[in-house]
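Structure, as structure tokens:
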Amino acid sequence: MARARRRPSPGQQDCRLYGDLATWWPLLSPPSHYVDEAKLLNLRITRETGWSTRRGKTALELGSGGGSLAWHLKRRFRMTLVDRSPRMLKVSRAANPECEHLRGDMTTVRLGRLFDFVLIHDAIEYMTSEAMLRAALATAAAHCKPGGLLMVVPDCVRETFRPGTEHGGEDGADGRGLRYVEWVFDPDPSDTSYEGVFAFLLRDARGRITVQTDRHRCGLFGRRQWLAWIKHAGFTRVTSLIDPYRREVFTGIRSAA
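The sequence shown runs 1 to 257 under the numbering used here.
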């Protein structure tokens, strides 16, 4: 099933999906859409670290959005979820009341704590410049224990970017429904960004339908740049692997201070 994977932006843009449309997130990208992906990520974590799947390790997710992926990972980790959108944090708290939720920007937040595992999922896509991306990686390094694992999962790198469209949506038990079309394209191949435009059909509980649109600007960098910047942030054993969704999954182990 196709799903929209956009998450709250730590950058300067204020996308409607994480503002006035945030209450629709459970019908756009609910936890049920992440079952297979969570299994793949858990397998990769185990391969990289040898950690048990028993809950006990701590994890920090930067740009955690509506918490749909965290809904699965919290079975394995004691999770702290950080996002800059208060409306998306509210959505995530409803799905993950047992997790700690904190408002913060992934380029600047400092919690004063270290975690076994630091995850930045597709929210990293909103880093549209080298400076922003490296700032987010510095935040990850500042919160990762020596020997801890970093995992970063952008939707694409320059080598794997493909323009196109996706569609999907769900119906809710409350009578609401959502359907979307997402159009991804690169208006200027010479810069470090691409765009994603959403069109939403929204049906409220009384059956009234409205049409809304939203535009997202996302970063686009080469694989070698990613690997170099993750290493520079203080991680070793930095690797990349393309998953079944054609996304690059980057991992690194935090070096000793």
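Cβ atoms here follow ideal geometry from the backbone N, Cα and C, with glycine treated the same way.
Length of the line joining the Cα atoms of Gln225 and Lys231: 10 Å
To the nearest angstrom, report how far apart Gly19 and Pro86 are at their CA atoms. 8 Å
Should Lys39 be labelled buried (16 or more other beta-carbon atoms within 10 Å of its own) or exposed? exposed
Determine the burial state of Gly56: buried for a count of at least 16 other Cβ atoms within 10 Å of its Cβ, exposed for fewer. exposed
In three-state DSSP terms, what is Ser240? strand
Measure from the alpha carbon of Val118 to the alpha carbon of each residue in Gly196, Ser193, Thr139, then state which is nearest. Thr139
Ranges of the alpha helix (DSSP H) found wholly within the region 23 to 51, counting only runs of at least 4: 25 to 28, 35 to 49
What ranges does the beta strand (DSSP E) occupy inside the region 150 to 228, keeping only unbroken runs of at least 3 residues that lie completely in it? 164 to 168, 177 to 185, 193 to 203, 209 to 219
Counting only the same chain and skipping the five closest in sequence on each side, list residues whose C-beta sits under 8 Å from that of Val211. Ala199, Phe200, Leu201, Leu202
In three-state DSSP terms, what is Lys14? The identity of residue 14 in the sequence shown is Asp, whereas the question assumes Lys. If DSSP states are grouped into helix, strand and coil, Asp14 belongs with coil.
Roughly how many angstroms separate the alpha carbons of Ala59 and Arg78, rounded to a whole number? 6 Å
By Cβ distance below 6 Å, which residues in the same chain neighbour Thr49 in space, the five residues on each side in sequence not counted? Leu149
Three-state secondary structure (DSSP) of Thr251: strand
Tell me which same chain residues have a C-beta within less than 6 Å of the C-beta of Trp24, skipping the five on either side of it? Excluding sequence neighbours, Trp24 sits near Leu178.
Which residue wins for smallest C-alpha separation from Ala233, given the options Gly112, Leu102, Ala123, Leu133? Leu133
Which complete beta strand (DSSP E) runs does the region 85 to 129 hold, if anything under 3 residues is left out? Listed in chain order, the complete beta strand (DSSP E) runs (minimum 3 residues) inside the region 85 to 129 are 100 to 103, 115 to 120.
How about Ser280 and His101: do their beta carbons lie closer than 9 Å? No statement about residue 280 is possible, as the shown extent of the chain runs from 1 to 257 and does not include it.
With Leu60 as the anchor, note down where its beta strand (DSSP E) starts and where it stops. 57 to 62
Check the C-beta distance from Ala95 over to Trp71 and give it rounded, since I have them as a contact under 8 Å. 5 Å
So, Asp155 versus Asp188, is the Cβ gap smaller than 9 Å? no
Going straight from the alpha carbon of Trp229 to that of Ala136, what length do you get? 10 Å
So if DSSP puts Met79 in a beta bridge, which residue, or which two residues, is it bridged to? DSSP lists Ala59 as partners of Met79.
In terms of residues, what are the limits of the alpha helix (DSSP H) holding Leu73? 70 to 73
Excluding the five sequence neighbours on either side, which residues of its own chain have a C-beta within less than 8 Å of the C-beta of Glu98, listed in chain order? In the same chain as Glu98, and ignoring 5 residues on each side of it, the C-beta atoms closer than 8 Å to its own belong to Lys74, in chain order.
Gly219 versus Arg162 - alpha carbon distance: 14 Å
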